[in-house]
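Here the structure is laid out as structure tokens; the discussion comes afterwards.
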Amino acid sequence: MKLSQILLFLALGASTLPAQTPAPEAPQKKRTPAAAEGPAVSQQVVQSNSLVRVNATSQPYSLHLPWQKESPTGRRGLGVVLAGNRVLVTGQMVADATYIELELPATGQKLPAKVVAVDYEANLALLEATSDKQKSFFAGLKPMTVDVSTRIEDKVDILQTGRVGELIKSELKISKVLTRHYNVEGSGFLVYEANNIVRSEANSFTLPVVKAGKLVGLLLSYDSKNQVTTILPAPIIEHFLKDVADGSYEGFPSLGMELQSTLDEQFREFLGLKPDAPGVLISMVMKGGSAEKAGMKKGDILVAINGFSIDSRGDYKDPQFGPLSSSHLVRGRAYVGDKVEIKVIRDGKEVTLNGELTRRKPDDYLVLPYLFDKGPRYVLMGGLLFQELSRPYLDAFGEERRGGAILRLSHVASHPDQYEEEGRKKLVFLSLVLPTPSAQGYDKLGGQVVNKVNGKAINDLNDLNEAFKSVKGTLHVIELNDFPHILYLDTFNAERDNMRLLGGAYRIGSLKRLE
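Residue numbering for the sequence shown follows the working numbering, starting at 21 and increasing by one per position.
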């Protein structure tokens, strides 16, 4: 597949940082530049000697048969060499990777590598070599620095390498700066849009974007029909690298709220807003988020964040980019632990709220927003497969296939308040019924939320596993949210079927995954 055919919405497991020793002379978080300056060399040399090919083999788990893995696939991209012999790529480049290697474009020399840090929401990953030969491998390479000064109308180059390592450039002009999600719904980040034709070379999950020999972004997508390129910009890269530098990666903070514009005159009148007054309605406040902890309430009118006035669209005036979504004030300009001042109008009076920015990790959500580098959690009992609901599971059906039970689950995922108030940590549901004697008559079921098993409330799969262990009679009683509401499994027959399933036609190696 050629680059012009690809629409790479890169990013969507948790942001992780394995234990590591920081790179020599690593910058302090939020205090110093994202990467140490390399030796002074010409722009052309920096560009050609600051890139390595990255080859990865990816093999994710099946979402519908979670004990199995999908067929392995290969990915290839260009990584940017940074200080400390580390290599920057997009997060999707290494998602579910079983093997990663670096390659010199000119000579083909290869070196195995590992992930030092990855953030799938921000779609960024940092690699380092795992071989003792890395000194000779990086000897002719020069670290590239990050430039956050890009503005609208600036010209930039997308870099590629040819078959024998020759540098190939495609010049673009930045036309827009806005915010949108990369690959995880609900996590908007800064993006650049640029216009012009991008030459089609080898299929690539990562291509660097440079200006005057410095890194200004990574390619996210290219629309060949409209000649529009979307770029993951340097400010997000710099934020990621500064956070990584101290060896304790915390990720990008969020307020945890939803906004509703106040452009309609009648709506503004209903809210009591003057025609020229700033402010946008808070339509939802996420439980446990930064906004709730600061005291924000649904129905408040947000008028300012950290001194920046918020208009009726939910935008503020950025000193570098102009009108921009207020989400960038938190997700792009601040760090976890930073103080935040929020001004709202409540009951006709201005109220100042103060709090500390936090980040909800993927496991903190009722419905997992993404799932990488690990298999879905599941419990299999007598042919009934139970899982915890995740966005990737729903996305695997596509919008056109979301009918019946899947449509109900999609609605639950979009409106989790009721279940969170009940104290549920995850939403356990019956996802599949395998043809076993115990499950006869239940074969057409699937997609039902599980409320109780053997009288025990089910707040996650750990509860379900313990409930099956604590049966007192000869029947497992499973209470569902929807029809038929109650299922019965004979305990003896269910255990017999479990033994038959292990190693059978479905290649089931384990009846559960709870880690």
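Where is the CB? At the ideal position from N, CA and C, for every residue including glycine.
### Query
Between E408, I426, K381, which lies nearest to D415 when the distance is taken from Cα to Cα?
I426
### Task
Look at N474 and A487 and say whether their C-beta atoms are less than 8 Å apart.
Less than 8 Å divides the Cβ of N474 from the Cβ of A487.
### Message
As a quick exercise: from E141, A314, E440, V491, pick the residue whose alpha carbon is nearest that of D358.
### Response
When the alpha-carbon of D358 is set against those of E141, A314, E440, V491, the nearest one is in A314.
#### Entry: Boundaries of the alpha helix (DSSP H) in which V264 is found, first to last residue
254–264
### Message
Please classify G523 as buried or exposed, where buried requires at least 16 other C-beta atoms within 10 Å of its C-beta.
### Response
exposed
### Message
Determine, for A514, whether the minimum Cβ-Cβ distance to residues of chain B falls below 8 Å.
### Response
In the structure shown, chain B does not exist; there is a single protein chain.
### Task
For N485, name the three-state secondary structure that DSSP assigns.
In the structure shown, N485 falls within a helical segment according to DSSP collapsed to helix, strand and coil.
#### Entry: Sequence-distant residues of its chain with Cβ nearer than 8 Å to Y119 (five each side left out)
Around Y119: A76, T77, P132.
### Task
Give the secondary structure of Q286 by DSSP, where H, G and I count as helix, E and B as strand, and everything else as coil.
helix
### Query
Thinking just about the alpha-carbon of each residue, which of M401, F158, G443 is nearest to the one in A514?
Considering only alpha carbons, the answer is M401.
### Task
State yes or no: is the C-beta of V360 within less than 8 Å of the C-beta of V371?
no
### Message
Taking the beta carbon of I506 as the centre, do at least 16 other beta carbons fall within 10 Å, making it buried, or is it exposed?
### Response
exposed
### Query
Any idea which residues DSSP pairs L71 with across the strands?
V100
### Message
Taking its Cβ as the centre, do 16 or more other Cβ atoms sit within 10 Å of L388, making it buried, or is it exposed?
### Response
buried
### Message
Relative to the C-alpha of R219, which candidate in E441, K231, L239 has its C-alpha closest?
### Response
L239
### Message
I'd like to check one pair, T226 with T110: are the Cβ atoms closer than 8 Å?
### Response
Annotated as proximal: T110 and T226, with beta-carbon spacing under 8 Å.
### Message
Taking the alpha helix (DSSP H) that R14 belongs to, which residues open and close that run?
### Response
Residue numbering for the chain in the displayed model covers 21 to 535; residue 14 lies beyond these limits and cannot be assessed.
#### Entry: Residue range of the alpha helix (DSSP H) that includes H84
Where H84 is concerned, there is no enclosing alpha helix (DSSP H), given that its DSSP letter is neither H nor E.
### According to DSSP, residues forming a beta bridge with P228
Answer by DSSP bridge pairing, in chain order: L238.
### Separation of G342 from T199, as counted between CA atoms
The alpha-carbon atoms of T199 and G342 are separated by roughly 12 Å.
### Query
With 16 as the cutoff for other CB atoms within 10 Å, does S530 come out buried or exposed?
With fewer than 16 Cβ atoms within 10 Å of its Cβ, S530 is classed as exposed.
#### Entry: Which listed residue (A137, V166, L322, L409) has its alpha carbon closest to that of D266
A137
### Task
Could you please give the first and the last residue of the uninterrupted alpha helix (DSSP H) stretch that includes F406?
Element bounds for F406: not the alpha helix (DSSP H) but the beta strand (DSSP E), 404–408.
### Entirely enclosed alpha helix (DSSP H) segments - the stretch 494–532, minimum 4 residues
511–521
### Query
Between the stretch 169–177 and the stretch 187–197, do at least 3 Cβ pairs fall closer than 8 Å?
yes
### Task
Look up Q112 in the DSSP assignment and say whether it is helix, strand or coil.
helix
### Message
Please report the distance separating the alpha-carbon of L344 from that of G208.
### Response
Cα-Cα distance, rounded: 12 Å.
### Nearest to I528 (by Cα), restricted to the options H84, K381, N215
H84 is the residue among H84, K381, N215 whose C-alpha sits nearest the C-alpha of I528.
### Task
Assign H431 to buried or exposed, taking buried as 16 or more other Cβ atoms, counted over all protein chains shown, within 10 Å of its Cβ.
exposed
### Task
Answer with buried or exposed for E213, where buried requires no fewer than 16 other C-beta atoms within 10 angstroms of its C-beta.
buried
### Message
Can you tell me where the alpha helix (DSSP H) holding K155 begins and where it ends?
### Response
154–157
### Message
Need the endpoints of the alpha helix (DSSP H) that S310 sits in, please.
### Response
310–314
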